[in-house]
Structures are given as C-alpha cells and as structure tokens.
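Peer 1:
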Amino acid sequence: MKNKVDIQGDKLIVAPQGLHKIWALKGQITLPLSHVRGATLDNGMLLEKRGLRLGGTAIGGYYAGTFVKAGEKVFYNANLKDQVVVITLRDEDYTSLVLGVENPRKLVDEINSQLT
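Residue numbers for the sequence shown follow the numbering used here, beginning at 211 and rising by one.
#1: Tell me, to the nearest whole angstrom, how far the beta carbon of V308 is from that of V294; I am working on the premise that it is less than 8 Å.
#2: Taking only the alpha-carbon atoms, compute the straight-line gap between V224 and Q218 and give it to the nearest angstrom.
#3: Determine the direct distance from the alpha carbon of I269 to that of L222, and round the result to whole angstroms.
#4: When burial is assigned at 16 or more other CB atoms within 10 Å of the CB, is D301 buried or exposed?
#5: Quick one: using the 10 Å Cβ neighbour count with 16 as the cut-off for buried, is P226 buried or exposed?
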C-alpha cells in the first residue's frame with residue numbers, strides 16, 4: 211500500500227506508507243474536508259504529462275512528490291499498475307492528489323459521501 215487515507219472528523223488525512231514517504235518527500239497531508247471538491251478513479255492521470263517535478267521520484271512508471279504544470283501543483287504517489295484515485299481540492303496549495311491506494315472504489319465512495 212502506497213498511501214493510507216483516513217477521514218477523521220472534518221479532516222482528510224493522506225499518509226504515504228513506508229519508503230513511499232521518502233520517495234514522495236512527504237510524511238502526511240492533512241486538510242479540511244471542506245476543501246475537497248471530490249474524488250474519482252482516473253488512471254489516465256498517470257499517462258498525462260505531469261510537468262516540472264519540484265521534488266520526489268519519477269522512475270519506471272512510479273511517480274511520487276510534487277509536480278507543477280500550468281501553474282497547478284499536484285501531489286502524486288502512484289504507479290502505472292495502480293488503480294488511481296484523484297482527489298480534487300480548492301483553497302489548498304495542491305489542486306489535486308493522485309494516489310495509489312487499497313480499495314480505491316471504496317475510498318472514492320467514502321470521500322464523496324462525506325461531501326453531500
């Protein structure tokens with residue numbers, strides 16, 4: 211598992227696991243649920259150009275860290291083998307989080323159900 215994602219009260223917490231913390235240069239991202247616009251499954255995100263890497267890893271189809279393209283910062287921690295969850299944000303440093311997780315459909319449903 212590359213990332214553990216939890217909803218605790220009114221917070222969304224993303225924690226890269228194991229060595230993925232080092233490769234992504236990020237121990238944890240905590241943000242208010244009110245800043246989450248939604249979550250989707252989107253494997254195509256890993257096939258698009260990611261832009262300039264500001265720190266992290268991009269090797270062998272694995273992308274971890276912060277990437278900037280057209281003025282938007284995106285946090286990646288996923289590889290081409292993952293079913294990718296994309297969490298879109300507002301009023302945050304990142305515009306979206308692109309994550310490999312266990313049970314991606316369950317996570318998408320859980321996040322979106324908290325937003326309605």
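Quick reminder that beta carbons are idealized off the backbone N, C-alpha and C, glycines included.
Predicted, not measured: the structure shown is a model, and the values here were computed from it.
Peer 2: In this structure, then:
#1: 6 Å
#2: 11 Å
#3: 28 Å
#4: exposed
#5: buried
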